[in-house]
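**Q** In my numbering, the protein residues as written are 6 to 653. In this text, a Cβ means the ideal position worked out from N, Cα and C, and glycines have one as well. Following this message is one structure expressed as structure tokens.
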Ligand code: GDP
């Protein structure tokens, strides 16, 4: 089902046309409400020959027009621009056309009505005029149909054109996130509170829990009506009257948004792409106070121009709007801005980011780049932007804010991952570390930059901790976590995943009681020092066949063992063989001596030299090879030439 709206100068015959087409007098709906015949108010509908029902929003006043066009943002599928043949194009005709343009309404019919009042010649003059003003607007190629609501002439053509127009429009997407911008609220005896509006992005059903934003009022749907008929379910894109229990009428105002609890939240600041109307009387300036029309809400705002001091007629620019009251908005929602005095429509545009988080510094290149990224309409850039500005955060929250369709979102995510522009961390049961989708609340998204920044911060946290506490081997895990996340509350598993990444990269060591940098080792306690002294005595007692590394670990523990090697007190020449530093230096000197005198040395010769066993000597010589001191030639070793050594 589709919804269309009427547009055109006052008294040009919009309501009369709607009545002629539908048999419903929009002006009489109020009367019906008074007689409590229906809770389905404020619009008429028409059944096309195909059987399809079309809702028609028709409102008397000029401001009401703007509001209703917006209430249908994404909700109005097409517009009926009505021009009276006797008066022709009038100021509001132009203004409405400009608004249709700003709102991105792409489809419509242009109806020249009251043709019973004019002759052929006059009609063709008016038609020419109309063609002229339609040029360069979305309605440039719209069918132009003359008719008379009084004589009925041309009405069949209008109906046929409407059917053709609507047949070409795909059904509304169901994103599973219903929202209805409230354009009317009233009470009916025996029913209670009723709100009406155009339902977008999801379905509502009788019995659903609902929330009314921004106040956060909670209630339940008692009944639904579309086109005077009771329904169990209302579909996206339809005009709906919702009977709610549990919410007092007094607390709901026009422009509030009815939704399922927890799905949307309101905002006071939004990033937008703004276009001014071509007939703008004087430029828009930074800090101008204007009225924002979004959904069915009208809200005073302060305009912040981001990349320019002013916007002249017909210009496009980036802006932030600081709202005086919270509103619910979704990326790509359309809006209109009006100047309160002199009263005029100054421009409109679309929401790029309803949660920019903070006021942007003006004229900053990185801020302007971010706006471009959002306005690009490239799903991967849009998603990346949200990950940059909202992340690290659950992917499901981010994708929701991005308002991208499922398919778009998945393609975008795959691309970002493939190009390494995001890091997804799966916190699911067995998931630790950088992982693949699917998007769920358990998957957290980081921009590449913030991931690297987080790891770098972890590293420098540990660096300064080690510097402050040279005797402590580790920084307690909890302390690291709270310092790293600051005031944010990260799930514990997210922290684990960050730690895992540091460990995988080799610079972080996870100990039982905490974390340390691989390069950090603690000073010894007196007991440890005593153990070390005893151990070194054994090394001195049997210098060439000393205790193996495993034995060292058994004696002093792995940390001290590691520290002894790190500090060069012991030289670990192989996995298992270690020598005391002094012994190692002495052995090296003696081997070098043999090499200079005899030119080469074999394992057996070295073994005899030190009265050691093959195991120790082999490990020692292989170590010298690895250090590029010696080179193995067949069964013997020779000194590396000095030049050869220098080259390395
Ligand atoms: P709206 O303000 O655009 O909704 O205009 P209305 O529908 O209220 O019509 C304004 C006046 O124009 C009313 O007096 C109508 O009777 C008259 N009118 C509307 N359509 C026609 C038409 O096709 N022919 C003639 N002669 N008068 C019309």
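Using the Cα positions of residue 82 and residue 275, report the straight-line distance between them to the nearest angstrom.
**A** Computed Cα separation, rounded: 25 Å.
**Q** Going by the C-beta, is residue 15 closer than 6 Å to any heavy atom of ligand 1?
**A** Residue 15 Cβ: within cutoff of ligand 1.
**Q** If you reduce the DSSP assignment to three classes, tell me which class residue 508 lands in.
**A** Correct three-state label for residue 508: helix.
**Q** Relative to the C-alpha of residue 430, which candidate in 471, 260, 591, 502 has its C-alpha closest?
**A** Considering only alpha carbons, the answer is 502.
**Q** Since residue 275 is in the beta strand (DSSP E), which residue starts that stretch and which ends it?
**A** 272-281 is the extent of the beta strand (DSSP E) around residue 275.
**Q** Which class does residue 585 belong to by DSSP, given the choice of helix, strand or coil?
**A** Strand, per DSSP.
**Q** Tell me the rounded alpha-carbon separation between residue 330 and residue 304.
**A** Cα-Cα distance, rounded: 6 Å.
**Q** Does ligand 1 have a heavy atom nearer than 6 Å to the CB of residue 98?
**A** Outside the cutoff, so no.
**Q** At which residues does the alpha helix (DSSP H) containing residue 163 begin and terminate?
**A** 160-172 is the extent of the alpha helix (DSSP H) around residue 163.
**Q** So, helix, strand or coil for residue 151, using DSSP?
**A** Strand, per DSSP.
**Q** Which residue wins for smallest C-alpha separation from residue 310, given the options 587, 292, 383, 499?
**A** Of the listed residues, the one whose Cα sits closest to residue 310 is 292.
**Q** For a test of your reading of the model: does the CB of residue 122 fall under 6 Å from any non-hydrogen atom of ligand 1? Yes or no.
**A** At least one heavy atom of ligand 1 is nearer than 6 Å to the Cβ of residue 122, so yes.
**Q** Tell me where the alpha helix (DSSP H) around residue 404 begins and ends.
**A** Start and end: 400-407.
**Q** Can you grab the Cα-Cα spacing for the pair residue 283 / residue 152, in whole Å?
**A** Using only the alpha carbons, I get a separation of about 30 Å.
**Q** Rounded to whole angstroms, what's the CA-CA distance from residue 333 to residue 409? Just pull it up for me.
**A** The alpha-carbon atoms of residue 333 and residue 409 are separated by roughly 17 Å.
**Q** Consult DSSP for residue 553 and reduce its assignment to one of helix, strand or coil.
**A** Residue 553 falls in the coil class under three-state DSSP.
**Q** Give every residue of the same chain whose Cβ lies closer than 7 Å to the Cβ of residue 250, excluding the five residues on either side of it in the sequence, and list them in chain order.
**A** 197, 224, 225, 227, listed in sequence order.
**Q** Any contact of the stretch 151-171 with the stretch 235-248, i.e. 3+ C-beta pairs under 8 Å?
**A** Verdict: no, contact absent.
**Q** Tell me whether residue 262 is buried or exposed, calling it buried when 16 or more other Cβ atoms sit within 10 Å of its Cβ.
**A** By the 10 Å Cβ count, residue 262 comes out buried.
**Q** Are residue 142 and residue 188 closer than 7 Å when you measure CB to CB?
**A** No, these two residues do not count as a Cβ contact at 7 Å.
**Q** From residue 36 to residue 205, what distance separates their C-alpha atoms?
**A** In this prediction, residue 36 scores a pLDDT of 48, lower than 50, which makes its location untrustworthy; the coordinate-derived value is nonetheless stated afterwards. Roughly 28 Å between the two C-alpha positions.
**Q** Does residue 501 come out as helix, strand or coil in the three-state DSSP assignment?
**A** Three-state result, residue 501: helix.
**Q** Among residues of its own chain, excluding the 5 on either side of residue 695, which ones have a beta-carbon nearer than 8 Å to its beta-carbon?
**A** For the chain, the structure presents residues 6 to 653; residue 695 sits outside this window and is missing.
**Q** I'd like the span of the beta strand (DSSP E) that includes residue 431, first residue to last.
**A** Where residue 431 is concerned, the enclosing beta strand (DSSP E) stretches over 427-431.
**Q** Using the Cα positions of residue 522 and residue 458, report the straight-line distance between them to the nearest angstrom.
**A** If you take the alpha carbons of residue 522 and residue 458, they lie about 17 Å apart.
**Q** Which residues in the same chain have their Cβ closer than 6 Å to the Cβ of residue 139, if we skip the five residues on either side of it in sequence?
**A** Closer than 6 Å at the Cβ level, and outside the excluded window around residue 139, lie 145.
**Q** Please list, in chain order, all residues of the same chain as residue 432 whose beta carbon is under 8 Å from its beta carbon, the five residues on each side excluded.
**A** Once the five neighbours on either side are set aside, the close Cβ partners of residue 432 are 447, 448, 449, 496, 498, 499, 502.
**Q** Hey, would you say the C-beta of residue 383 is under 6 Å away from at least one heavy atom of ligand 1?
**A** No, since every heavy atom of ligand 1 falls outside the 6 Å radius drawn around the Cβ of residue 383.
**Q** Between residue 60 and residue 8, which are expected to be in contact by the criterion C-beta below 8 Å, what is the C-beta distance as a whole number of angstroms?
**A** Contact flag correct, Cβ pair sits at about 4 Å.
**Q** Going by other Cβ atoms of all chains shown within 10 Å of its Cβ, with 16 needed for buried, is residue 40 buried or exposed?
**A** Confidence in residue 40 is poor, its pLDDT being 43 and thus under 50, which makes the residue's placement unreliable; the coordinate value appears in the next sentence. Classification of residue 40: exposed, given that the 10 Å Cβ count is below 16.
**Q** Going by Cα to Cα distance, which pick from 382, 128, 17, 278 is closest to residue 356?
**A** It is 278 whose Cα lies nearest to the Cα of residue 356.
**Q** Would the stretch 627-635 and the stretch 578-588 be scored as touching if the rule is three or more Cβ pairs under 8 Å?
**A** Output reads yes: the stretch 578-588 touches the stretch 627-635.
**Q** Could you check what DSSP says for residue 303 in three-state terms: helix, strand or coil?
**A** Residue 303: strand per DSSP, three-state reduction.
**Q** Starting from residue 325, follow the beta strand (DSSP E) in both directions and report where the run begins and ends.
**A** Per DSSP, residue 325 belongs to the beta strand (DSSP E) from 321-332.
**Q** In whole angstroms, what is the alpha-carbon distance linking residue 463 and residue 505?
**A** Spanning the two alpha carbons is a distance of roughly 12 Å.
**Q** Is it right to say residue 389 is buried, meaning 16 or more other beta carbons lie within 10 angstroms of its own, or is it exposed?
**A** So residue 389 counts as buried.
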